[in-house]
Each structure stands twice: as structure tokens, then as C-alpha cells.
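Residue numbers (our numbering): -3 to 217.
Structure record follows, encoded as C-alpha cells.
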Amino acid sequence: MANASRSSVVAAAIGGDLTATAIVAQAVRSHIIRIEGYSHTKDLGTGNFVASETFAVGRHRWRMEYYPDGRVPDTQGWIDICVRLVDADAAGEVQGKVRFSLLDQGGNPVAGHTFTIPLFGGAAGDVTGLDLIERSDLEESAYLRDDVFSVRCDVTVAVPEVTTKSIHVSQLRRDFMEQKDATAPVGLIVKLRDQKPAKQNKTKLKRSTGRELMSGSLCAE
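Shown next, in the form of C-alpha cells:
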């Protein structure tokens, strides 16, 4: 009889009687900067950057910053990429993470130059960034073509208010239907934010490829 009950539940789900809901406690936004005329940006000097247009994630506005010769003297000769919280009224710590990816000519993240780090933000001007690639390595790579290359930034932040939305049942994994207890309720996906990241120091520097550059309002304007 237990097997019959289980079969009935699976059959009903396949027959279209199953609905699903996602509980969403995070916001995600991706932004790409395309550097056209890379060689003409090399003379900007250490600490100087070119900023992207702003974009919204989790009720805040952000921008990417491209440093063609490092953000600080210690990173001269590197291409540094940062994301900055630009809201003037931002208050409280923003929980989340950011992934920076150098893109190949097909628009795909390059495995050796894709890094995910905790997001540092709580006040306008706070910035999270890292050393993406040495300039000499980029110039010898296939990722720079016709003086053009691209970088992608994926920002994920916790949202203050959890929301729900309907999702198509096809998003449910097959093994979700095959759980041992056939009488257990189905039709709910819980999508929670990542564990709260450890608090970061105001300035953080790691001496390796992809090392993080986190600070408050120390970024050169």
C-alpha cells in the first residue's frame, strides 16, 4: 500500500497537479564592462580608474571601476577591478558576495581569472575589489583581441524583505519527487542567502593572483 501511495503522488505531480513556490532572500545582478582601446588606457597611472554606469542590486546602486595600472602602488602592473557602493544614503552593513570574471572572446568566464569574495559595503564609497590579472599576462593572452577585452561582475546581496514567487514545476529536481516519505509535502523550494560572511578589516590585501582589495573610502578618486 505504501508503494501505491508513493506512485500516486509521483503520478499526480507528473500529471500537472503540482505547483511550486520560490522563497527569495537575495538579489543578484550581473554587469559587464568592455574595454575598447585598452592600450590607450595604460597611461592613466596607478590609482586612477574608469567607472562604469551605475546599476541597482538589492535596493542600492553600484558601479564597477577599472584600474589599468593598479589601484595602489603595491599593485602597479596589475589590472584591478572593483565594485563600489555609490548610494549616498546607504546605512548598515550590506551582506553579500561579488564574483569578478575575466571573459574570453566568447563571453565565457576564464577559470584561472574568476574569483568570488565577500562583499564589503555599508557606507557610500565602500569598495570591494581585487587584482584580476597582470597586464603583461593579459597582453600575451587570447583574451585581449583587437585591443579589446571584457570583465564581468556578479553582485549578490541579501535583501531586507523576503519575497515569494511562483515557479514552473520543471525547475524541481527529479530526486525531489523520489523522496522516501511519499506523504511529505512537496512543491516548495527554499532559496536562502549565503551564510553571513565574516567581518572584514577596513583594508585587506592578499599577495597572490586574485588578491582582495577591500577598504572604506580609501579609493583614489
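Here a beta-carbon is modelled for each residue, glycine too, at the ideal position from N, C-alpha and C.
- For Ser132, the enclosing alpha helix (DSSP H) begins and ends at 131 to 135.
- For Asp76, the secondary structure class from DSSP, reduced to helix, strand or coil, is strand.
- Nearest Cα to Gly125 within the set Thr50, Glu135, Phe111, Gly73: Phe111.
- The beta carbons of Arg131 and Asp65 sit closer together than 9 Å.
- Per DSSP, Tyr34 lies in no beta strand (DSSP E) segment and is marked neither H nor E.
- In this structure, the alpha-carbon of Gln91 lies about 33 Å from that of Glu32.
- Under DSSP, the beta-bridge partners assigned to His56 are Val53.
- In the three-state scheme derived from DSSP, where H, G and I count as helix and E and B as strand, Pro105 is classed as strand.
- Look at Thr42 here: in three-state DSSP terms it is coil, with no helix or strand label.
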